[in-house]
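Engineer: Encoded as C-alpha cells, here's the structure I'll be asking about.
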Ligand code: AN7
C-alpha cells in the first residue's frame, strides 16, 4: 500500500495488530519509512576491494531504515499510535511517560490528536531541544526532574499504578507491538529478512520489537532465514554489555542515556535467539558515524541513531561478501541541532564584500 491510500501502520497491518475498531485508530500517518541503500557508506566502511563490480551479488549491501521520517521524527511513533489507540479504546483520558526526549515528543503529539492529557517526566538539562520543543508545542505537561531517565521511569510506574493515567513507555506492551511493524516493512521491501539488523539500544524496547516482528513473519513462512540482531549501547550507558545497572549513565547520545533498561531480559533473548550480539560504541565512534552518514549519504540522523552504523563499523570483520545489513536510524538529526553545530566545522563570518566571500569560499 502506498501514496494517498496509506493511512498509518495500524491500517496497513490491520490483521496483525490487536485493535478492535477502526474508529478508534489514532494516527499521524506513521510508518512506511524509506529503506535506503547506502552504497557510499559501504565503500567508506568496507572499501572497494572485496567488491568485484557495482551490482555484483558479492557486494555487502547496507540499508538504512530511516525512521527519523516518522511524523514526530522518531521511531517512537510506531509504538505510540498503538499505545494511544488502545488508551482511547480503553476509555483512558490521560497518558504519562518518562523519556529521554523522543517518547515524550511522540506521546504529546498522539495525545493531542486523540484529545487526551499528556504528562511527561524528563531528566532536567539532558533533553535535546527539538524534542522538548515538540512536547511543549503539543501541550504536554512537562515535569523536569533533577535526576536521570531511570529515576523518571520509576516515578512514572508508581504514578500510573495509583492514578487513572495510562503509561505509554515501552513497558506498555502495545508500544512493543506497534514497533514490530518496522520489521514487517523491512521484509516487505527486501522480499526477505536481512542477514544482520543493527540498532541502538537504550531501554531495549526497539530491539525487542524488531525481533518480535521478524520471528512472527518468519513463523508464517514469509521468508527463510532470521536475521542476527546487533544492538549497540553507548559505552558510558551500557548496562546490558556490562551485566549490571549503570547508576550514572553518561553519553553524548542523550536518547540512550539509560542505565537500567526496561526490556533488558527480552533484549538478551533477541540477541541469543538470533545468534547476534550487544556491544558498546564510544561517544567518539558515535559522532564519527553521525558525521559520516550525513556527509556520505545526505541523511541527517540524531547521535543515538548513529550508534547502529558505529557498531557496524566496529564489527566490520564479521560481515561477508553478499551479506545484507539493515541499520535503523531511529531519529532525525534536527532533533538535536546543538550536537550537530558542536561537531561541524566553524562557519565563516565576513563582510558582504565579494573579495572576502571568495576568500572564505577558498577560491
Ligand atoms: C533516537 O524517548 O528511551 O532501546 O524515552 O530516542 O527502544 O529504548 C528513546 C530511545 C534509540 C533507544 N534511538 O531505543 C525515550 C527513549 C533514539 C531514541 C533509542 C531511543 P530503545
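In my numbering, the protein residues as written are 1 to 363.
For each residue, glycine too, the CB sits at the ideal point set by N, CA and C.
Does the separation of the CB atoms of residue 166 and residue 78 fall below 8 Å?
Structural biologist: Their beta carbons are not under 8 Å apart, which means residue 166 does not touch residue 78 by this criterion.
Engineer: Give me, in chain order, the residues of the same chain whose beta-carbon lies closer than 7 Å to that of residue 112; leave out the 5 immediate sequence neighbours on both sides.
Structural biologist: Here the set comprises 138, 139.
Engineer: When we look at the beta-carbon of residue 135 and count the other beta-carbons within 10 Å, is it buried (16 or more) or exposed?
Structural biologist: Classification for residue 135: buried.
Engineer: Verify the contact flag: residue 302, CB atom, against every heavy atom of ligand 1, threshold strictly below 7 Å.
Structural biologist: Indeed, a heavy atom of ligand 1 lies less than 7 Å from the Cβ.
Engineer: In this structure, how does DSSP classify residue 337 when only helix, strand and coil are distinguished?
Structural biologist: Note: residue 337 maps to helix in three-state DSSP.
Engineer: Less than 8 Å between the beta carbons of residue 255 and residue 331, yes or no?
Structural biologist: Yes, the pair counts as a contact, with Cβ atoms nearer than the cut-off.
Engineer: Hey, would you say the C-beta of residue 76 is under 7 Å away from at least one heavy atom of ligand 1?
Structural biologist: Under cutoff, so the answer is yes.
Engineer: Mind the definition here: the region 166-176 touches the region 298-308 only if three or more C-beta pairs lie below 8 Å; say whether that holds.
Structural biologist: Result no; under three Cβ-Cβ pairs closer than 8 Å.
Engineer: Please determine, among 312, 90, 214, the residue with the shortest C-alpha to C-alpha distance to residue 62.
Structural biologist: When only C-alpha atoms are compared, the closest one is 312.
Engineer: Cβ of residue 206 within 7 Å of any heavy atom in ligand 1?
Structural biologist: Yes, Cβ of residue 206 sits closer than 7 Å to a heavy atom of ligand 1.
Engineer: By Cβ distance below 8 Å, which residues in the same chain neighbour residue 160 in space, the five residues on each side in sequence not counted?
Structural biologist: Taken in chain order, the residues that qualify are 96, 166, 167.
Engineer: Is the closest heavy atom of ligand 1 to the C-beta of residue 178 under 7 Å?
Structural biologist: Checking every heavy atom of ligand 1 against the Cβ of residue 178, none is found closer than 7 Å.
Engineer: Straight-line CA distance for residue 3 to residue 355?
Structural biologist: For residue 3, the pLDDT reaches just 48, beneath the cut-off of 50, and the residue's location in the model is therefore unreliable, although a value from the coordinates is still provided. Those two C-alpha atoms are separated by around 49 Å.
Engineer: Considering only their Cβ atoms, is the gap separating residue 123 from residue 143 smaller than 8 Å?
Structural biologist: No, the pair does not count as a contact, with Cβ atoms beyond the cut-off.
Engineer: Grab me the residues of residue 334's own chain with a C-beta within less than 8 Å of its C-beta, minus the 5 sequence neighbours each way, in chain order.
Structural biologist: Excluding positions up to five away in sequence, the list reads 73, 130, 300.
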